[in-house]
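One structure is given here, and the rest of the page talks about it.
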């Protein structure tokens, strides 16, 4: 998601990012366990992507220690943890950071507390927590979350209700894109919204999470968790990858996500373009390209000139 947000930062649209807080690995997992707070890492990335502060702020908050007990922790994660302790509330801490970082739009946690994901696999087994889900290597039939949360924060609910366009992705399908939909109030508002729903398809599969899944499989997994078909448009990469970069991904068990079904036959508009950032060291979407595509769709549906 942070890649898309970076591309929208300078566009003339009002952005609200609703971010999953279910991570239990790495720095976020340690802070979640040690300080009993929602994991800060994904929120940090989105705040930095939309920050209007000078670039040095982003470098500072993204700085990660390499030694001592702080090894692995970023300044941004520690700042969110400290601000949560100071304010006594994770949601309030994130709102304050939106202000301090001059975020162009809003970054909101899908829920204010810790959320634990439980994956039910096709073989009947279960994996608990993002870290275990990713390492299981098993295909996922469906997700559930604990504790069960009925309603998001008021500002999250209002943002969905007032949206001109609702966008999902890009990002880890089962551990980033789907989790907010496990909150009943978010899922219900998305279904009831008249705003067009757009899915930005990932360009590569994710080893251990979406192995052997094509575009149709990704979309089907999303709509299975919503409970009905909701999408109006899917945005798909249609271009080459730098050969050396692709070889590195293949060695790690990731391959390009391929069109494996009749997407247009489902009543979807399918938009294709070369979406990859060919100058990046990872296979990711080009922020400016997808940012402009989403901006044009948002302005079209708001009635404003693109």
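In this note's numbering, the protein residues as written are 431 to 736. Yeah, the Cβ is synthetic: ideal placement off N, Cα and C, and Gly gets one too.
Taking all protein chains shown into account, do 16 or more other C-beta atoms lie within 10 angstroms of the C-beta of residue i, making it buried, or fewer, making it exposed?
| i | result |
| --- | --- |
| residue 501 | exposed |
| residue 635 | buried |
| residue 668 | exposed |
| residue 552 | exposed |
| residue 695 | exposed |
| residue 576 | exposed |
| residue 491 | buried |
| residue 677 | exposed |
| residue 582 | buried |
| residue 588 | exposed |
| residue 673 | exposed |
| residue 471 | buried |
| residue 580 | exposed |
To the nearest angstrom, report how far apart residue i and residue j are at their CA atoms.
| i | j | result |
| --- | --- | --- |
| residue 682 | residue 638 | 10 Å |
| residue 561 | residue 528 | 28 Å |
| residue 497 | residue 629 | 40 Å |
| residue 519 | residue 455 | 22 Å |
| residue 687 | residue 517 | 43 Å |
| residue 572 | residue 651 | 8 Å |
| residue 670 | residue 464 | 44 Å |
| residue 488 | residue 644 | 34 Å |
| residue 457 | residue 557 | 21 Å |
| residue 493 | residue 505 | 6 Å |
| residue 538 | residue 433 | 16 Å |
| residue 547 | residue 450 | 11 Å |
| residue 485 | residue 534 | 14 Å |
| residue 447 | residue 435 | 8 Å |
| residue 597 | residue 542 | 21 Å |
| residue 705 | residue 718 | 9 Å |
| residue 679 | residue 431 | 20 Å |
| residue 721 | residue 703 | 13 Å |
| residue 530 | residue 601 | 26 Å |
On the DSSP bridge assignment, give the partners of residue i in chain order.
| i | result |
| --- | --- |
| residue 634 | 686 |
| residue 447 | 537 |
| residue 663 | 628, 699 |
| residue 596 | 627 |
| residue 570 | 551 |
| residue 504 | 494 |
| residue 715 | 706 |
| residue 575 | 547 |
Could one say the Cβ of residue i lies closer than 9 Å to chain B's Cβ atoms, at least one of them?
| i | result |
| --- | --- |
| residue 730 | This model lacks chain B altogether; it includes just one protein chain. |
List in chain order: all unbroken beta strand (DSSP E) runs of 3+ residues lying wholly within the stretch 522-557. Counting only runs of 3 or more, we get 536-539, 546-551.
Within the chosen definition, does the stretch 712-719 reach the stretch 607-614 through at least 3 CB pairs nearer than 8 Å? The stretch 712-719 makes no contact with the stretch 607-614: fewer than 3 CB pairs, one atom from each, lie closer than 8 Å.
Across the stretch 615-628 and the stretch 649-662, are there enough close Cβ pairs to call them in contact, namely three or more that are closer than 8 Å? Yes, since at least three Cβ pairs between the stretch 615-628 and the stretch 649-662 fall closer than 8 Å, the two stretches touch.
Can you confirm whether the stretch 564-571 touches the stretch 468-480 when touching is taken to mean that 3 or more C-beta pairs between the two stretches lie within less than 8 Å? No: the two stretches stay apart, fewer than three of their Cβ pairs being nearer than 8 Å.
Unbroken stretches of the alpha helix (DSSP H), 4 residues or longer, contained in the stretch 464-494: Entirely contained in the stretch 464-494, the alpha helix (DSSP H) runs reaching 4 residues are, in chain order, 471-480, 485-491.
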